[in-house]
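Quick notes on the structure that follows.
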Amino acid sequence: MKKVLMTLALVAVAATSAFAQISVGAGYLANTQKSTYTSGSTSTTTTNPSNGFYVGADYTLDLGQGLGVLAGLKGSFLFHTETGSITLPILGTFTGTSKLSEIYLAVPVQAVYTYALSNDLKLFGFAGPSFSFGLSSKTKSTNNTTDDVTVTDNYGENSEYGKFNVFLGAGVGADFMNTIRIKAGYDIGLLNRSSADNTKVGDAQWFVGVAYLF
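See the structure below:
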């Protein structure tokens, strides 16, 4: 009986391996965050762009007929530098340089459709949600007159900036010789990142990257 169970287990593992694809890669990431404050019938929107990169791995399970399900893990790193008038609690307003750095961990779960043009070239499209959690968000402000440096934890105590977000996105890509994958996509954040009254903070991002297929 043990031999039979072991044989069935080995067959199941072999079947799963035959219809699965693992990839590890990295790429460029651009995020646009819009903050909208509403007072009465008047709304004021501020746009804050940031750029960076991502690294990650995913696992695609082939369901047959070109269809598949992808699940993965992705770390994102975003940066933005701005020079101008800066207002901070206690310190007030001064002219300086502000540097934002953020780290996120995301779990994409997406549907995939693949079309093989040949044995060495496959095109695919994907769509679905990604669940994102902010690990760190800090702003380093430097007073250009006094050279004083202040570091603000945007997730600190009494923060109104939320860590969690859900993105809905889609994209396209290509696999070359079952070894190299190139893909690009666009994601829209569905949640309001701010808990402040009359304020809405939303994210949207696009990416392009390359991965190695195992």
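Sequential numbering of the sequence shown, starting at 1328, is according to my numbering. Think of the CB as a built atom: it goes at the ideal place given N, C-alpha and C, for glycine as much as any other residue.
Would you mind sorting I1413 into buried or exposed? The rule is 16 or more other CB atoms within 10 Å of its CB.
Per the 10 Å Cβ criterion, buried.
Could you say which of G1452, E1487, T1387, T1424 lies nearest to K1510 if we only look at CA atoms?
Considering only alpha carbons, the answer is G1452.
With which residues is N1470 paired in a DSSP beta bridge?
G1423
For E1484, count the other beta carbons within 10 Å of its own beta carbon; 16 or more makes it buried, fewer makes it exposed. Which is it?
exposed
Starting from F1491, follow the beta strand (DSSP E) in both directions and report where the run begins and ends.
1491-1503
Pick helix, strand or coil for Y1442, following the three-state DSSP scheme.
strand
Span of the beta strand (DSSP E) holding N1358?
1347-1366
Pull up the distance between the alpha-carbon of S1521 and that of L1405, whole angstroms please.
A direct Cα-Cα distance of roughly 19 angstroms separates S1521 from L1405.
Please classify S1377 as buried or exposed, where buried requires at least 16 other C-beta atoms within 10 Å of its C-beta.
buried
Per-residue DSSP class, three states only, for N1525
coil
The beta strand (DSSP E) spanning G1483 covers which residue range?
From DSSP, G1483 is part of no beta strand (DSSP E); its letter is neither H nor E.
Between which two residues does the beta strand (DSSP E) carrying N1375 extend?
First-last of the beta strand (DSSP E) with N1375: 1369-1391.
Any idea what DSSP makes of D1514, helix, strand or coil?
strand
According to DSSP, is D1530 part of a helix, a strand, or is it coil?
strand
With a cut-off of 8 angstroms, do at least 3 Cβ pairs link the segment 1454-1468 to the segment 1419-1433?
Between the segment 1454-1468 and the segment 1419-1433, the count of C-beta pairs closer than 8 angstroms reaches three or more; the two stretches touch.
Relative to the C-alpha of Y1431, which residue among G1379, Q1348, A1538, G1536 is closest?
G1379
If contacts are defined as beta-carbon pairs under 8 angstroms, then P1456 and V1493 qualify, I think. What distance do you get, rounded to the angstrom?
6 angstroms
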